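Engineer: Attaching a single structure in structure tokens format; questions to follow.
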């Protein structure tokens, strides 16, 4: 593979062609930018903000039992929808809690949307506690400076 450089010498070109590598890196970057938002676990809920909530690292694990209430009457366990049926919600939580390892924290996390009435959240908490799960974690966002 020789290439004429115009100087009359017929030597090999020893420079590295980085164009294919840059193309591959750009494609990988685009793929990661598209896939990363899809990796978010659960349902998107506009949750209340507080001054000092510390994030529990266990909530982001795949094994975490997270109940989301984005709107009144809408319930999700993880990404699975429960159509307003509280008994089905409790049975799904029981099923997921039974799948946890003994080393995993046995906490049910609850994300309540801003528009959801307080009574709806209390009803979910009451049913989960009556099912025998006393450890509940209420999820809130941390306020950013200036909010």
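Residue numbers (this note's numbering): 4 to 150.
For every residue, glycine included, the Cβ atom is placed at its ideal position computed from N, Cα and C.
Computed from a prediction, not measured in an experiment: that's the story for all the values here.
#1: Which whole-angstrom value is the C-beta distance of residue 113 and residue 127, which I expect to be below 8 angstroms?
#2: Going by CA-CA distance only, name the one from 147, 141, 111 and 116 that's closest to residue 134.
#3: So, with DSSP's three-state summary, where would you put residue 31?
#4: Within the chosen definition, does the segment 96-111 reach the segment 136-147 through at least 3 CB pairs nearer than 8 angstroms?
#5: How long is the line joining the alpha carbons of residue 4 and residue 32, rounded to whole angstroms?
#6: With a threshold of 16 other CB atoms inside 10 Å of the CB of residue 21, please say whether the residue is buried or exposed.
#7: Kindly provide the ranges of any beta strand (DSSP E) runs that are 3 or more residues long and lie completely inside the segment 85-145, ordered along the chain.
#8: Under three-state DSSP, which class holds residue 163?
#9: Distance, Cα to Cα, residue 119 vs residue 75?
#10: With three or more C-beta pairs closer than 8 angstroms as the rule, is the segment 77-86 touching the segment 100-107?
Structural biologist: Checking against the coordinates, here is how it stands:
#1: Residue 113 to residue 127, Cβ: 6 angstroms. Contact.
#2: Closest by alpha carbon: 111.
#3: Looking at residue 31 - three-state DSSP - the assignment turns out to be helix.
#4: These segments touch.
#5: Model confidence at residue 4 stands at a pLDDT of 48, short of 50, so the residue's coordinates are unreliable and nothing is read from them.
#6: By the neighbour-count criterion, in which 16 or more other beta carbons inside 10 Å mark a residue as buried, residue 21 falls on the exposed side.
#7: Complete beta strand (DSSP E) runs here, min 3: 111-115 and 139-141.
#8: Nothing can be reported for residue 163, as the shown portion of the chain is limited to 4 through 150.
#9: In a straight line, the C-alpha of residue 119 is about 5 angstroms away from that of residue 75.
#10: As far as the Cβ criterion goes, the segment 100-107 does not touch the segment 77-86, which means the pair count is below three.
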